[in-house]
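The next block holds one structure in the form of structure tokens; read it before the comments.
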Amino acid sequence: MDILIRPDAEGVAAAAADILADYARRGATLGLATGSTPLGAYQELIRLYEAGEVSFADSTAFLLDEYVGLAPEHEQSYHHTIRHEFTSHVDFDDSRVHSPDGTAADPWVAAQEYEQAIIDHGGIDVQLLGIGTNGHIAFNEPGAALNGPTHVDTLQPQTIADNSRFFDRPEDVPIHVLTQGLGTIQRAGHLLLLATGEGKADAIAALAEGPLTTMCPASVLQSHPRATVIVDEAAASKLHHRDYHRFVEENKLPRKN
Ligand code: PGA
Numbered sequence: 066m067d068i069l070i071r072p073d074a075e076g077v078a079a080a081a082a083d084i085l086a087d088y089a090r091r092g093a094t095l096g097l098a099t100g101s102t103p104l105g106a107y108q109e110l111i112r113l114y115e116a117g118e119v120s121f122a123d124s125t126a127f128l129l130d131e132y133v134g135l136a137p138e139h140e141q142s143y144h145h146t147i148r149h150e151f152t153s154h155v156d157f158d159d160s161r162v163h164s165p166d167g168t169a170a171d172p173w174v175a176a177q178e179y180e181q182a183i184i185d186h187g188g189i190d191v192q193l194l195g196i197g198t199n200g201h202i203a204f205n206e207p208g209a210a211l212n213g214p215t216h217v218d219t220l221q222p223q224t225i226a227d228n229s230r231f232f233d234r235p236e237d238v239p240i241h242v243l244t245q246g247l248g249t250i251q252r253a254g255h256l257l258l259l260a261t262g263e264g265k266a267d268a269i270a271a272l273a274e275g276p277l278t279t280m281c282p283a284s285v286l287q288s289h290p291r292a293t294v295i296v297d298e299a300a301a302s303k304l305h306h307r308d309y310h311r312f313v314e315e316n317k318l319p320r321k322n
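So the sequence shown is numbered by this note's numbering: it starts at 66 and just counts up by one.
Right, dumping it as structure tokens:
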């Protein structure tokens, strides 16, 4: 796992956008994430697009997750959010921006269909991830199957509380979700996890320096052959090996691809 430490959230966004833009220039399949953390990277990608430095015309996107019960046009559905925050501001073909069907009559069937759609497409080249304060990635809460597929899950009260800031009332936050599983995520070619702020410092330390355990779902990045974690100083503040991570980055052999 590569851990890149940047001074602040702007530095995290710029580093993430650089990597994602490289993939987009090759027409890659991008795994997109919602939540607050990736917004800076999306803004930077929109800026690069407007400057004529990147195009998404040949890319396809798969979202990580969706709330069960929220229609695509609902303001807080992730279907709507990703368009509002990113894809409708660039030249993404809207029909190639996929997300699990939150209003399917049978969410379990919708989960299977989404997993199959990713497989049929040929998989995800780079998957952008945030991390929950409890170590979740996508909506894989502590206890999730380490190699599970896209599935229906029940949010933890902590996650409902964290996400209630997006809703008028805490009781409006859906309790059930459709989410790519930890197995789905691990089949992506490159995992790119971003975190900013002190509130994420414990989760980042658990991800990078704790045991590989379902109690910290993000720790599966430890076993992925190509995982990049980009954090600001605050989110890195509880890593014991900060200096080593800096040393590794400063002495990195450039990749050929
Ligand atoms: P956040 O959410 O980016 O809004 O902090 C991250 C997550 O829960 O995965």
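Every residue, glycine too, gets a C-beta built ideally from N, C-alpha and C. Please read all numbers here as calculations on a predicted model, not as lab measurements.
Distance between residue j and residue i (C-alpha atoms, nearest Å)
i	j	result
Ala80	Ile295	8 Å
Ala301	Ile70	7 Å
Phe121	Asp185	20 Å
Ser153	Asp159	8 Å
Met280	Thr219	15 Å
Val313	Arg320	14 Å
His310	Ile147	32 Å
Ile68	Thr293	6 Å
Ile183	Ile189	7 Å
Gly187	Tyr179	13 Å
When the options are compared against residue i, the one with the closest alpha-carbon
i	options	result
Glu263	Glu118, Glu298, His163	Glu298
Pro282	Leu211, His216, Arg320	Leu211
Asp227	Gly213, Gly200, Ile250, Gly246	Gly200
Gly105	Asp267, His255, Tyr88, Phe151	Phe151
Gly92	Ala116, Val174, Asp156	Asp156
Leu194	Gly246, Arg320, Gly275	Gly246
Val119	Gly100, Ile84, Ile240	Ile84
His305	Glu138, Asp267, Gln251, Glu178	Asp267
His139	Ile240, Thr168, Ser153	Thr168
Thr102	Leu277, Ala78, Val238, Ser142	Ala78
Gly213	Phe127, Gln251, Pro165	Gln251
Glu206	Thr278, His145, Thr261	Thr278
Residue(s) in a DSSP beta bridge with residue i
i	result
Phe127	Gly96, His163
Leu194	Leu258
Val296	Ile70, Ala260
Original post:
Which parts of the region 214-255 are runs of the alpha helix (DSSP H), unbroken and 4 residues or longer, counting only runs that do not cross its ends?
Top reply: 222-228, 247-251
Original post:
Between the region 130-137 and the region 231-249, do at least 3 Cβ pairs fall closer than 8 Å?
Top reply: yes
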